[in-house]
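One structure is given here, and the rest of the page talks about it.
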Amino acid sequence: MASATKQGAAMLRGFVRKTRFDTGLGAELPPAYRKFWKEWKEQQPAAVHYVPKEGMFERKEETGEVHPVQNVPLPLKSVDEENYGLWGGEAIIQGFTKKKLMSHRVPRFWVPTLKRSVVRSEILDEFFSVTVTERTIRLIFEYRGLDHYLLMSPACDLRSVLALKIKRRILQDIVKGIPAWQINPEKQKELMKEYRKYLDQYTAEEIDWYGLTWMEAINKRRNEINAENPTVPHKIIFRQKLIEQLREAGIKEVTGEMEDTKDTSWLKRLNPFAKKEF
Amino acid sequence: MLKTLIFSKSISSKFTQLLNVNNAALQQVRTTFVLKRLYPVELHKKNEKPRKLRGKHYNYVMVEDSNTKKQPDVEVVLKQFVSGIGRKGEVVKLRPNYAYNHLLLTGLADYVTPENVEKYKPKLGEDNEEENHSSQFAQRTVNMLQNRVFAIVMNKEQPWVVEPWHIRASLRKCGYYIKSDSSIELPNEKITGPDMMKQNKEFYVTVTINGLEKARVKCRIHHWSTDPSDRLPYVYEHWLQSAEPIIPEDTPRAE
Chain V
1 MASATKQGAA MLRGFVRKTR FDTGLGAELP PAYRKFWKEW KEQQPAAVHY
51 VPKEGMFERK EETGEVHPVQ NVPLPLKSVD EENYGLWGGE AIIQGFTKKK
101 LMSHRVPRFW VPTLKRSVVR SEILDEFFSV TVTERTIRLI FEYRGLDHYL
151 LMSPACDLRS VLALKIKRRI LQDIVKGIPA WQINPEKQKE LMKEYRKYLD
201 QYTAEEIDWY GLTWMEAINK RRNEINAENP TVPHKIIFRQ KLIEQLREAG
251 IKEVTGEMED TKDTSWLKRL NPFAKKEF
Chain W
1 MLKTLIFSKS ISSKFTQLLN VNNAALQQVR TTFVLKRLYP VELHKKNEKP
51 RKLRGKHYNY VMVEDSNTKK QPDVEVVLKQ FVSGIGRKGE VVKLRPNYAY
101 NHLLLTGLAD YVTPENVEKY KPKLGEDNEE ENHSSQFAQR TVNMLQNRVF
151 AIVMNKEQPW VVEPWHIRAS LRKCGYYIKS DSSIELPNEK ITGPDMMKQN
201 KEFYVTVTIN GLEKARVKCR IHHWSTDPSD RLPYVYEHWL QSAEPIIPED
251 TPRAE
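Sequences listed follow chains V and W, in order. For the first sequence, full-length UniProt numbering gives the first residue as 1, with consecutive numbering after it. For the second sequence, full-length UniProt numbering gives the first residue as 1, with consecutive numbering after it.
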């Protein structure tokens, strides 16, 4: 039976839909990027907009029945605006409100309260003016600084591309030894001591691929492939083949003697200032 | 020496408090709207995907909107003396927005970690003489005294000479209590009255706070009579109007 299907024995565990990592250049992406993608898109983010139930089982008070506890998270909307700010894991929720049992449900969007504020990265020694929420500022306090907050939070909790970009820059700067503080070597050493522990979670390759969006990763891989085996125009390949064949045939002009011969182009011989010969 | 001793004691007590507190980073921070499903999702099988959500699963009920709640105070450690807040190395509790915008972003304070508390703790040999602050609130008092005009109410009939206790009484009427007359320094020239040429003219006295900070207080003479018919007419917001100095060289300082 299994041999009759197109997928062969793989079909035994049911039909497996192809993912973006199975086709095209996506299949060429390294496991380092796959790991980051998993952390960003597949890992379950922390509960921000709902209170998860604790424990394994719960008992219904009326009947005394025991049921397992299953937390199904509320679906979050992704909008482009969140990629240009630090919302601290908050997102837009689309749903309905229903005031009474028999009344109609009314559509409702719950949107985080945003404000523009400044955040400071100590490692980059930079201030960023970004849209944030109260929760972001609170988290920065709890983690004692933006750098610690970004480095300790997984990508699924940061959500926004901007946060991942800053995190990527911070990680790369730690690898380089914090070049922003080169003027003050004492401070540089202090910061290195404080932040070196975060490098244990990543290999050099993982940092290289961290914080890239899908298209950036694809373009990076494409550039790598192009650099490894560059496409040479056919005319160059054919010319080299021809020279090779001529050399094998033993023709003098090909074996380096060509360089000694005079340029035979008639343009070079043309001298408008020469005396007329006739 | 005594001052520094008391200071270091308060720091150490706060330091031990800090060590006892659990790591706040591990606690869940929820400062946003929290929702709940009106109809909970039906249970799914063990080790399987959750059921497909239906329309009714998108009916939500607001559990809590923590944006409308008052956020608790936060702690920061000061990197230097901040007037009205505290001294260097002190761990102070403040409103979160003020602490973030005015102290952390400006670099006056840092986040509270055991390393930072140790780092900004003033050394034993280091004396804060160059700072010259008796307390963190002294500068605030100086500013409040210097930004006001005090009316020195004097008798219109009986002869008088302005003495420190006159100043003390007038400041007390405005809510500023000076403990002793010795901390009030009058101008060298004696101011006598009653003299209607000196009505609503100003002079400066120097008030010393905690024996260290000096405030230059602007005072104006006002003549007052016990007989209501003899009293001077009421001037609306007289402190906003400019006045001439009693002592000619006592011109207002350019600040």
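Idealized CB from N, CA, C, for every residue including glycine. Treat the numbers as computed from the prediction; the structure is a model and nothing was measured.
- Query: Are the region 69-81 of chain V and the region 243-256 of chain V touching, with three or more C-beta to C-beta distances below 8 Å?
  - Reply: Short answer: they don't touch.
- Per the contact definition of three or more C-beta pairs closer than 8 Å, is the region 155-166 of chain W in contact with the region 181-196 of chain W? The answer is yes - the region 155-166 of chain W touches the region 181-196 of chain W, with three or more Cβ pairs under 8 Å.
- Task: Using a threshold of 8 Å, state whether the C-beta atoms of V:Tyr149 and V:Ile137 are closer than that.
- Result: no
- Query: Quick one: what's got a C-beta closer than 6 Å to W:Ile167's C-beta in the same chain, skipping five residues either side?
  - Reply: Ile184, Val205
- Message: On the criterion of 16 or more Cβ atoms from any shown chain inside 10 Å, does W:Leu240 qualify as buried, or is it exposed?
- Response: exposed
- Message: Counting only Cβ-Cβ distances shorter than 8 Å, please list the residues of the region 69-95 of chain V near chain W, keeping chain order.
- Response: Those would be Gln70, Val72, Leu74, Pro75, Glu90, Ile93, Gln94, Gly95, in chain order.
- Message: Comparing C-alpha positions only, which one of W:Gly175, W:Met196, W:Pro164 sits nearest to residue 261 of chain W?
- Response: Absent from the structure is residue 261 of chain W, since the part of chain W shown begins at 1 and ends at 255.
- Between W:Gly211 and chain V, is there a C-beta pair that is closer than 8 Å? False, the Cβ-Cβ gap to chain V never drops below 8 Å.
- Item | Cβ-based contacts, 7 Å cut-off: residues of the region 184-200 of chain V near chain W | Those would be none; no residue qualifies.
- Boundaries (first-last residue) of the alpha helix (DSSP H) holding V:Pro45: Per DSSP, V:Pro45 belongs to no alpha helix (DSSP H) and is neither H nor E.
- What do you reckon, are the CB atoms on W:Ala99 and W:Val74 nearer than 8 Å? yes
- Between the CA atoms of V:Ile174 and V:Lys189 - distance to the nearest angstrom: Spanning the two alpha carbons is a distance of roughly 11 Å.
- For V:Gly14, which residues does DSSP report across the bridge? Partner(s): none; V:Gly14 has no beta bridge.
- Item | Cross-chain neighbours of W:Pro50 in chain V, by beta carbon under 8 Å | Within 8 Å of the CB of W:Pro50, the CB atoms of chain V belong to Gln70, Val72, in sequence order along the chain.
- Message: What does the alpha-carbon distance come out to for the pair V:Val79 and V:Lys41?
- Response: 15 Å
- Return the first residue and the last residue of the alpha helix (DSSP H) that W:Trp239 is part of. Careful: W:Trp239 lies outside any alpha helix (DSSP H) and carries neither H nor E.
- Task: Output the distance between the C-alpha atoms of V:Phe57 and V:Val119, rounded to the nearest integer angstrom.
- Result: Rounded to whole angstroms, the gap between the alpha carbons of V:Phe57 and V:Val119 is 42 Å.
- Item | CA-to-CA distance, V:His104 to V:Ile166, given in whole angstroms | 45 Å
- Query: What residue does the alpha helix (DSSP H) around V:Arg116 start on, and which one ends it?
  - Reply: Here V:Arg116 belongs to no alpha helix (DSSP H); instead the beta strand (DSSP E) covers 115-121.
- Item | Assigned exposure category for V:Asp147 - 16 Cβ within 10 Å defines buried | buried
- Query: Tell me, which residues are paired with W:Met197 by DSSP?
  - Reply: DSSP lists no partner for W:Met197.
- Going straight from the alpha carbon of W:Leu19 to that of W:Asn116, what length do you get? Residue confidence for W:Leu19 is low, a pLDDT of 41 falling below 50, so the modelled location carries little weight; the figure read from the coordinates is stated next. W:Leu19 and W:Asn116 have their C-alpha atoms roughly 13 Å apart.
- Message: I'd like to know if V:Leu124 contacts chain W, where contact means its C-beta is closer than 8 Å to some C-beta of that chain.
- Response: no
- Message: Taking the alpha-carbon of V:Arg144 as reference, which of V:Glu194, V:Trp110, V:Tyr202, V:Gln240 has the nearest alpha-carbon?
- Response: V:Glu194
- Can you tell me which of W:Ile85, W:Asn97, W:Val61, W:Lys79 puts its alpha carbon nearest to the alpha carbon of W:Lys70? That would be W:Asn97, whose Cα lies nearest to the Cα of W:Lys70.
- Compare the C-beta of V:Phe57 against all C-beta atoms of chain W and say whether one is closer than 8 Å. With 8 Å as the cut-off, V:Phe57 does not count as an interface residue toward chain W.
- Query: Under 8 Å between C-beta atoms, does V:Leu205 make it to chain W?
  - Reply: The amino acid occupying residue 205 of chain V in the given sequence is Glu; Leu does not appear at that position. For V:Glu205, the answer is no, since every Cβ of chain W falls outside 8 Å of its Cβ.
- Message: On the DSSP letters alone, give me the boundaries of the beta strand (DSSP E) that W:His223 sits inside.
- Response: 213-224
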